[in-house]
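If you read the protein sequences in the order shown, they are chains A and B. Residues in the first sequence are numbered from 7 upward in steps of one, following my numbering. Residues in the second sequence are numbered from 7 upward in steps of one, following my numbering. Beta carbons: idealized from backbone N, C-alpha and C, even for Gly. Note that the structure is predicted; figures quoted are calculated from it, not measured. Comments concern the structure below.
Protein chains: 2
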Amino acid sequence: MFADCPPVDPPMRVGGKWTAKIITCLRSGPRRFSELRAPLAGVTAKVLTESLRSLERDGMLTRTERPGVPGHVEYELTALGRSLFEPLAAQCAWTRAHMAELAAHRAAG
Amino acid sequence: MFADCPPVDPPMRVGGKWTAKIITCLRSGPRRFSELRAPLAGVTAKVLTESLRSLERDGMLTRTERPGVPGHVEYELTALGRSLFEPLAAQCAWTRAHMAELAAHRAAG
DNA sequence: CGGTATCCACGGGGATACTG
DNA sequence: CAGTATCCCCGTGGATACCG
Numbered sequence: 007m008f009a010d011c012p013p014v015d016p017p018m019r020v021g022g023k024w025t026a027k028i029i030t031c032l033r034s035g036p037r038r039f040s041e042l043r044a045p046l047a048g049v050t051a052k053v054l055t056e057s058l059r060s061l062e063r064d065g066m067l068t069r070t071e072r073p074g075v076p077g078h079v080e081y082e083l084t085a086l087g088r089s090l091f092e093p094l095a096a097q098c099a100w101t102r103a104h105m106a107e108l109a110a111h112r113a114a115g
Numbered sequence: 007m008f009a010d011c012p013p014v015d016p017p018m019r020v021g022g023k024w025t026a027k028i029i030t031c032l033r034s035g036p037r038r039f040s041e042l043r044a045p046l047a048g049v050t051a052k053v054l055t056e057s058l059r060s061l062e063r064d065g066m067l068t069r070t071e072r073p074g075v076p077g078h079v080e081y082e083l084t085a086l087g088r089s090l091f092e093p094l095a096a097q098c099a100w101t102r103a104h105m106a107e108l109a110a111h112r113a114a115g
């Protein structure tokens, strides 16, 4: 899921701790709450909810309740949210290109 | 100094709160501690020192004590540090292009 | 001039339990 | 299923004072 974007702890971040991963998870289309929670190993429901609400307030994604039994909720990126792919890709590219050098410095220093 | 990179509170950040601005300040060449502190309005000596030490540990910049009376200290970006310009520019471009839309969502929501 | 030393406030993030 | 409600920890960052 995130193989193209190595999880070097920082030094580069978009929004909160889970924001970049959420965007990446939604890349290929809308997903439900539980479909987001599974791949984002370690995130609690509370924190995931907060992150999603924050992204919704910023217009990065939409939240849609689908009725039925059982009902579910769909999260989908807006155009604004998808526009983050570009800077996100730049960060991933930087990390891929320099993470070894960075790790070497940290190990030495 | 930072006119080309609007200070939208985030959503995009490189490292700590001051990291991106420090890198930008060092863009045109080496600077002394006090030459960094002035344009970074609001940063305390402690926090600036911490940020610089962290960047030094990561190999992003070098710290050089110049003897003499009065002596001073020079901070200069390494090649690794300068390599951050690219993703940094991508972030600035995104912010410039979408900050109005973002602000509108936040005001409405 | 270029820092340390202390102390402290705040907010993000997490653990756990519970709910419509 | 998709959350809330609580409680709490801890790291970042800031205020203030002092130092070689």
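Going by C-alpha distance, which of R88(B), T68(B), E107(B) is nearest A26(B)? If you compare the alpha carbons of R88(B), T68(B), E107(B) with that of A26(B), the shortest gap goes to R88(B).
Relative to chain B, which residues along the region 48-67 of chain A have a C-beta separation below 7 Å, given in chain order? Correct list: R63, D64, G65.
Mind the definition here: the region 86-100 of chain B touches the region 79-96 of chain A only if three or more C-beta pairs lie below 8 Å; say whether that holds. Between the region 86-100 of chain B and the region 79-96 of chain A, the count of C-beta pairs closer than 8 Å reaches three or more; the two stretches touch.
Using DSSP with H/G/I as helix, E/B as strand and the rest coil, what is V20(B)? Look at V20(B) here: in three-state DSSP terms it is strand.
Taking Cβ-Cβ distances below 8 Å as the criterion, which residues of the region 68-93 of chain B are in contact with chain A? Taking 8 Å as the cut-off between beta carbons, the residues of the region 68-93 of chain B near chain A are L86, S89, L90, E92, P93, in sequence order.
Bridge partners for H78(B) per DSSP, in chain order? Per DSSP, R72(B).
Using the beta-carbon count (16 or more within 10 Å), is V75(A) buried or exposed? Residue environment: V75(A) is assigned as exposed (fewer than 16 neighbouring CB atoms within 10 Å of its CB, all protein chains considered).
Assign H104(B) to buried or exposed, taking buried as 16 or more other Cβ atoms, counted over all protein chains shown, within 10 Å of its Cβ. Classification of H104(B): buried, given that the 10 Å Cβ count is 16 or more.
DSSP beta-bridge partners of R37(B): DSSP lists Y81(B) as the beta-bridge partner residues of R37(B).
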